[in-house]
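Report on the structure given below.
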């Protein structure tokens, strides 16, 4: 019986608690009841009486309140709280609800302000939600979460309604009575509805009110549904569909942004730069979408925190790992398979996230080539890992890594040869020899980050990182001289290693005010080229020689500061600077890079934005081909070669068409100084001179207009992007000093991506792209040029070609349609997905490169014709099977 009495007592307490809690919530909600008036003009007493009649409430107040005879409200319909705030704007008061009574109590002195801070997370996995909106709609006060999901907002004391929204998640609303600094972690639920959802958001949408220009955040779910080559989900291919960004060629992973080259893009994985983003000579990117949480692309209006590149920043954030439950994924495709897993190490305290992807081309090619005289193999792999440790409410540690490798081998010229034995016997031995070529390149990225919260308004991220890019080319050739067999081994190495220490500070001094500052130091280690030559045979002394091998140590230091604040209710600016120093052999380069962007609100759904950026880059990429070859070499500036510099001005309009449906129109003008190119009389494979003497410096100019219509919610989502642009370069040593179109200048560029969800199990996606043909240099005349009698080797088949203008012609226009469909089904263990698609659905033969072909006619005349090579000349299907558990 005592146990029964205790149970009854506990039940009574629970019921009383629920009733009290419901009463408090219902009391708070009274202030948010809507009321309306016939006229927005009247006295304070008139409006209070009207509210009492409509809402069936009673006001209680003291004689200290400032009643006015002539009041004009901003609108005739609003919540009770909004009306009261306007009525007593000259004597701020606190509104306390007691049942149906509203007590109006004037503040003594200045009303208090308190800080609300915390993390915004996925409710199930506790994964950080980056750039989520937190706001008080009535006061038009708000902020966004940072790259770790942290937010801090200062609000006036009293009852308020705190809202939080994030694309793909249900809107969250909290009623709170703010009387002190408070920690509130906001856990958001994914929205699983397929219908057109009414996304509740702040009065002024984030894209409209933000000062960011030329910045696009791509939902990772849209990236995963873009149809791509052989079903390999590709982040870079999705980025190439955005206005102002192109690939440079069909199927390639290079990024050409607003007239800049691929070396002018800063690609970051968890704050660490990556120097090569391509697999399979650039046909696939290195990023495994299963490991990615957030993707942001900046191509104009650069905030001061970014430095070191001229054209763009691709900021990629990896998953921290599920701190609640173990989750996994396995996927099998035509080209590769991948697996991923995440889960808690200690629930709510630490987690892990790992993923691995590998091709099996080498396995298939090995089976096919069992009896061939020439054998080749190729493979690549990626490995991502991240560990997250929560040390307390104010401290967290993250350890993340990325390892990726490509390897290509070719074995040929197999033959059985007789060699003399090493002992004194006279019996020759028969061995099999073959020649071999190999090429390989790899990326390694490791970082450790510490987050700490100082007080309620300061967030600090400190990072130590290591980044290594390396490639090697090798050749092994067997030879015979005077009946003696020997072998020559030659290997070439090059790469770059970075060791970086960096600290970033986020300070939230007040509502609508955000300050960032930080510093970094990077020890660059460049390896421009190491050539190892080894020759040996049975009768001669081995030759072992190493050429080059000089390591170039180049430190780079940066300091930045940026302030994002409201100047007026309509005008907001982000102003700052990035200051850098780079040391060469015997001199220091300094750079002060001002950055400013501004936003002016036209109304709640439209804003005008402007930005100016100055950028400096201290390293160059020497390219050997239009595709991303591993022989591309990263080199620093020197005493003779100056840093590249660029300035960019932009002006644009942001318009919110509807909930989650936006339009942006932006024009830009960009100038380049001290960009590099090979001289016309030399090239990468000219070994007669130092690399510095092969290059010439020049300048460039790019201008354009970009349109983006982006829909992120509903059963039909996607985007349409269009760019009209013109980019020219000018070098004193090229094209007779005259300006010419840049190699990847594209006048018109358009892309359409659509994703339609029939229901939660089936979705159909498509992309259509169009682009003006790339510029190309073609000879106008070919003529016979005999050897002179004084030449040592006469060759009567020499021809020369006359070229009047660099990039004077263009390839045919490019366009292509890709289709994909996914069938997902819930299973007892999780879910499974079948993905099918078709690349180049209508079989367009787009030119990958052009070449001349000579043929001799019956008359003896040689006819020359221009032909094209198409990389994907016919529709290419793909299939992939994925399970999630």
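Residue numbers (my numbering): 1 to 885.
Don't be surprised by glycine CBs; every beta carbon is placed ideally from N, CA and C.
The structure displayed is predicted, hence computed values, not measured ones.
What does the alpha-carbon distance come out to for the pair residue i and residue j?
| i | j | result |
| --- | --- | --- |
| residue 602 | residue 656 | 12 Å |
| residue 702 | residue 671 | 6 Å |
| residue 73 | residue 674 | 59 Å |
| residue 733 | residue 741 | 15 Å |
| residue 763 | residue 464 | 42 Å |
| residue 591 | residue 647 | 13 Å |
| residue 779 | residue 865 | 12 Å |
| residue 817 | residue 840 | 5 Å |
| residue 759 | residue 746 | 39 Å |
| residue 313 | residue 263 | 11 Å |
| residue 555 | residue 587 | 12 Å |
| residue 803 | residue 737 | 14 Å |
| residue 589 | residue 618 | 9 Å |
| residue 60 | residue 757 | 53 Å |
| residue 239 | residue 245 | 7 Å |
| residue 642 | residue 552 | 16 Å |
| residue 260 | residue 254 | 11 Å |
| residue 924 | residue 153 | Nothing about residue 924 can be reported from this structure: the residues present for the chain run from 1 to 885 only. |
| residue 178 | residue 283 | 54 Å |
Could you tell me whether the Cβ atoms of residue i and residue j are closer together than 8 Å?
| i | j | result |
| --- | --- | --- |
| residue 615 | residue 310 | yes |
| residue 662 | residue 710 | yes |
| residue 755 | residue 717 | yes |
| residue 114 | residue 155 | yes |
| residue 577 | residue 560 | yes |
| residue 848 | residue 870 | yes |
| residue 822 | residue 776 | no |
| residue 104 | residue 65 | yes |
| residue 892 | residue 874 | It is not possible to answer for residue 892, since the shown part of the chain is limited to 1 through 885. |
| residue 387 | residue 368 | no |
| residue 128 | residue 144 | no |
| residue 221 | residue 191 | no |
| residue 324 | residue 489 | no |
| residue 639 | residue 585 | yes |
Quick one: measure Cβ to Cβ for residue i and residue j, integer angstroms, because I've assumed they're closer than 8 Å.
| i | j | result |
| --- | --- | --- |
| residue 187 | residue 117 | Between residue 117 and residue 187 the Cβ distance is about 15 Å, and since that is not below 8 Å, they are no contact. |
| residue 496 | residue 275 | 6 Å |
| residue 300 | residue 214 | 3 Å |
| residue 57 | residue 30 | 6 Å |
| residue 242 | residue 297 | 6 Å |
| residue 321 | residue 353 | 4 Å |
| residue 598 | residue 572 | 7 Å |
| residue 280 | residue 406 | 7 Å |
| residue 728 | residue 704 | Their Cβ separation, rounded to whole angstroms, is 12 Å, which puts residue 728 and residue 704 out of contact at 8 Å. |
| residue 507 | residue 457 | 6 Å |
| residue 879 | residue 334 | 7 Å |
| residue 722 | residue 258 | Going by Cβ atoms, the distance from residue 722 to residue 258 rounds to 14 Å, so no, they are not a contact pair. |
| residue 351 | residue 342 | 7 Å |
For residue i, name the three-state secondary structure that DSSP assigns.
| i | result |
| --- | --- |
| residue 179 | coil |
| residue 808 | coil |
| residue 47 | helix |
| residue 84 | helix |
| residue 626 | Low confidence applies here, because residue 626 scores a pLDDT of 48, under 50, leaving its location unreliable; read the following figure in that light. It is coil, neither helix nor strand. |
| residue 463 | strand |
| residue 184 | coil |
| residue 232 | coil |
| residue 189 | coil |
| residue 196 | Low local confidence applies: a pLDDT of 42 at residue 196 is under 50, so the model's placement there is unreliable, with the coordinate-based value given in what follows. It is coil, neither helix nor strand. |
| residue 362 | helix |
| residue 840 | coil |
| residue 737 | helix |
| residue 556 | strand |
| residue 239 | helix |
| residue 867 | strand |
| residue 202 | Summary for residue 202: the model assigns pLDDT 45, below 50, so the residue's position carries little reliability; its value from the coordinates is reported in the next sentence. In the structure shown, residue 202 sits in coil (DSSP, three-state: anything other than H, G, I, E or B). |
| residue 764 | strand |
| residue 817 | strand |
Is the shortest distance between the beta-carbon of residue i and the beta-carbons of chain B less than 8 Å?
| i | result |
| --- | --- |
| residue 615 | The structure shown contains no chain B, having only a single protein chain. |
Which ranges would you report for the beta strand (DSSP E) in the segment 481-524 if only whole runs of at least 3 residues count?
-> Whole beta strand (DSSP E) segments, 3+ residues: 484-510.
Curious, which full-length beta strand (DSSP E) runs of at least 3 residues does the segment 252-282 contain?
-> Segments of the beta strand (DSSP E) lying fully in the segment 252-282: 265-269.
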